[in-house]
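Enquirer: Quick note on the working numbering: the sequence shown kicks off at 3 and runs consecutively. Cβ atoms here follow ideal geometry from the backbone N, Cα and C, with glycine treated the same way. The structure presented is a predicted model; accordingly, all values stated were derived computationally and were not measured. A single structure is presented below for examination.
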Amino acid sequence: MGKIGLPLATQFASKGHQVVGVDVNQHTVDLINAGTEPFPGEAHLQEKMAELVPAGNLRATTDYSDAIPDADAVVIVVPLFVDENAVPDFAWMDQATESLAANLTADTLVAYETTLPVGTTRTRWMPMLEAGSGLKEGKDFHVVFSPERVLTGRVFADLRKYPKLVGGLSPEGAKLAVEFYEQILDFDDRPDLARGNGVWDLGSAEASEMAKLAETTYRDVNIGLANQFAIFAAKSGIDIYQVIEASNSQPYSHIHQPGIAVGGHCIPVYPRLYLWNDPEATVVRAARAANANMPSYAVGLLGAALGDLGGKSVVIMGAAYRGGVKETAFSGVFGTHTALVDAGATVLVHDPMYTDAELERLGFTPYHLGTAVDGVIFQADHVEYKKLTAADVPGATAVVDGRRISSEAAWPGAVYTAIGIPRD
């Protein structure tokens, strides 16, 4: 019942189904059962919960035996982690699958939505479910893979916007999954899609697994290329943003925007899952390395403007991995902070979405506007940062804008540098 699972459960319940959410966190379960969203910030979630929980359509529990035996369908959205060497850690998903298997009954549809390496649904989850339940997949129950394709903060809008991909281990399982998702989802009209918006059966779990890896890995590779373009352009006296705008005016060019970091649960993670399947994917590996180096590059830009960073005070604007989202998963704040500390700087962190105590728990020293510092690095594009000026951050003589959220005019007297824009 995390930031994806709870909105999904709420969507299912909004269609009149009786939905039980399972989570290992008792506090999360208690908040859900009280009709309170446990992580504020998801558009429309609180209002939907306030209606569905009292009506009895949505409740939560920590007990698999309370939720699984009577279920017609079980949807799993449990985190899967991956290390820097592209090795996935299946521990949490293994535990969830084993608990599910111990309570699985016949005639149940099981849908995995967590992004997975290709082949995982067939070679890992299916045998585990059969062994733990004593049932036979394709006969007694059915397993499909159907990746979530949404972003936190806008889950309900994204559920309508993008086709729901499905891949079964058998044609019968795929058919049941298509019927299930057609019952619980609504779709915006997408005349740009030849196939039309809706539930798409990709023919196999493996194709569905790869589709999610492909779409996210593409974005990481694209951003990596944009970042390399940005570094070269800045050295060559070229504004990369004008170049990208010009290039993308031709319909076959879709260059993304460069920036200080690629963060979140998806784009920096799923290319590693792809590399686990395909370790010879040199393009993917190079892009991942290029993007991972951007925080150090930004710190280098600050050093070029300030000189030796030893003893200098620097504030990082933004702990979150992107603007408007209270989430630090793989945020560029960590690499930026490390690079500054290694350079000898005194580092402070500001984020309008986090309290001082929350920043301290992340290992940072909080910064308060009005405190004098030597330098500024914009790491997140929070809308609040568009209004910041030199008056809010006195003393700063160098600013590196890693998200192009500010402007040179806001920092008179300081050296302002944005990634991909050359300095005079």
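Taking the beta carbon of H370 as the centre, do at least 16 other beta carbons fall within 10 Å, making it buried, or is it exposed?
Expert: Label assigned to H370: exposed.
Enquirer: Please determine if the segment 134-141 and the segment 98-108 are in contact, where contact requires at least 3 C-beta pairs separated by less than 8 Å.
Expert: The segment 134-141 vs the segment 98-108: in contact.
Enquirer: When the distance is taken between beta carbons, is Y164 closer than 7 Å to L215?
Expert: Result no, Cβ atoms of L215 and Y164 do not sit closer than 7 Å.
Enquirer: In the DSSP assignment, the beta strand (DSSP E) including Y114 goes from what residue to what residue?
Expert: It spans T110 to Y114 - the beta strand (DSSP E) in which Y114 sits, taken as one unbroken run.
Enquirer: Just to confirm the assignment: which complete alpha helix (DSSP H) runs, minimum length 4, are found wholly within the segment 12-59?
Expert: List check, alpha helix (DSSP H) in window: 28-35 and 47-57.
Enquirer: Using 8 Å as the cut-off, can you tell me whether the segment 227-235 makes contact with the segment 275-294, which would need three or more C-beta pairs spanning the two stretches below that distance?
Expert: Result yes; three or more Cβ-Cβ pairs closer than 8 Å.
Enquirer: Nearest-angstrom Cα distance between E174 and I407?
Expert: Their backbone Cα atoms lie some 50 Å apart in a straight line.
Enquirer: If you draw a straight line from the C-alpha of Q185 to the C-alpha of V223, how long is it?
Expert: Near 35 Å, if we compare the C-alpha coordinates of V223 and Q185.
Enquirer: Taking the straight line between their C-alpha atoms, what separation do you get for A1 and V145?
Expert: Look at the range of the chain in this structure, 3 to 426, and you will see that residue 1 is not part of it.
Enquirer: Could you have a look at G305 and say whether DSSP puts it in helix, strand or coil?
Expert: Reduced to three states, the DSSP call for G305 is helix.
Enquirer: Out of H352, D109 and Y418, point me to the one whose CA is closest to V317's CA.
Expert: Per the Cα distances, H352.
Enquirer: The alpha helix (DSSP H) with Y66 in it runs from where to where?
Expert: That run of the alpha helix (DSSP H) goes Y66 to A69.
Enquirer: Beta-carbon within less than 6 Å of D68's beta-carbon, same chain only, minus the 5 sequence neighbours each way: which residues are those?
Expert: So the list is empty, once near-sequence residues are dropped.
Enquirer: Between which two residues does the beta strand (DSSP E) containing Y418 stretch?
Expert: Residues V417 to A420.
Enquirer: Among A207, V168 and M51, which residue has its Cα nearest to the Cα of M3?
Expert: For the residues A207, V168 and M51, the minimum Cα distance to M3 belongs to M51.
Enquirer: Check H339 in the structure and name its three-state DSSP category.
Expert: H339 falls in the helix class under three-state DSSP.
Enquirer: Pick from V286, G337 and D344: whose alpha carbon is nearest that of D310?
Expert: Nearest C-alpha to D310: D344.
Enquirer: Return the CA-CA distance between Y387 and E181, expressed in angstroms with no decimal places.
Expert: Roughly 45 Å separates the two Cα atoms.
Enquirer: Please determine, among M95, E44, Y66 and S16, the residue with the shortest C-alpha to C-alpha distance to G58.
Expert: That would be S16, whose Cα lies nearest to the Cα of G58.
Enquirer: Go ahead and pull the three-state DSSP assignment for G210.
Expert: The sequence given here has Ser at residue 210, not Gly. Correct three-state label for S210: helix.
Enquirer: For my contact list, G334 and P297 are in at a C-beta cut-off of 8 Å; report their separation, rounded to the angstrom.
Expert: That pair is a contact at about 5 Å.
Enquirer: Residue range of the beta strand (DSSP E) that V351 falls in?
Expert: That run of the beta strand (DSSP E) goes T348 to H352.
Enquirer: For my contact list, I423 and D241 are in at a C-beta cut-off of 8 Å; report their separation, rounded to the angstrom.
Expert: With 8 Å as the limit, I423 and D241 qualify as a contact, their Cβ atoms being about 5 Å apart.
Enquirer: May I have a chain-ordered list of the beta strand (DSSP E) segments no shorter than 3 residues that lie completely inside the segment 377-414?
Expert: List check, beta strand (DSSP E) in window: 377-380 and 400-403.
Enquirer: Starting from S315 and walking both ways along the beta strand (DSSP E), at which residues does that stretch end?
Expert: Note, S315: beta strand (DSSP E), S315 to M319.
Enquirer: With C-beta atoms as the reference, is G239 less than 7 Å away from A207?
Expert: No. Outside cutoff.
Enquirer: Distance, Cα to Cα, M355 vs A392?
Expert: Cα to Cα, M355 sits roughly 21 Å from A392.
Enquirer: Give the list of continuous alpha helix (DSSP H) stretches no shorter than 4 residues that lie fully inside the segment 164-225.
Expert: Fully enclosed alpha helix (DSSP H) runs of 4 or longer: 173-186.
Enquirer: Give the secondary structure of T373 by DSSP, where H, G and I count as helix, E and B as strand, and everything else as coil.
Expert: If DSSP states are grouped into helix, strand and coil, T373 belongs with coil.
Enquirer: Is it the case that the CB of L227 approaches a heavy atom of the ligand NAP more closely than 6 Å?
Expert: The ligand NAP is not part of this structure, which contains no ligands at all.
Enquirer: Do you know offhand how far G404's Cα is from I262's?
Expert: Straight-line Cα distance between these residues: approximately 5 Å.
Enquirer: According to DSSP, what are the bridge partners of F83?
Expert: Bridge partners of F83: D91.
Enquirer: Measure from the alpha carbon of P129 to the alpha carbon of each residue in G372, L171 and G18, then state which is nearest.
Expert: Nearest of G372, L171 and G18 to P129, Cα basis: L171.
Enquirer: Identify the residues that DSSP records as bridge partners of T63: which are they?
Expert: Paired residues: V24.
Enquirer: Hey, how far is the Cα of E217 from the Cα of P396?
Expert: Approximately 43 Å, taken between the alpha carbons.
Enquirer: Express the C-alpha separation of A331 and P270 in angstroms, rounding to a whole number.
Expert: Each residue's Cα considered, the two are about 9 Å apart.
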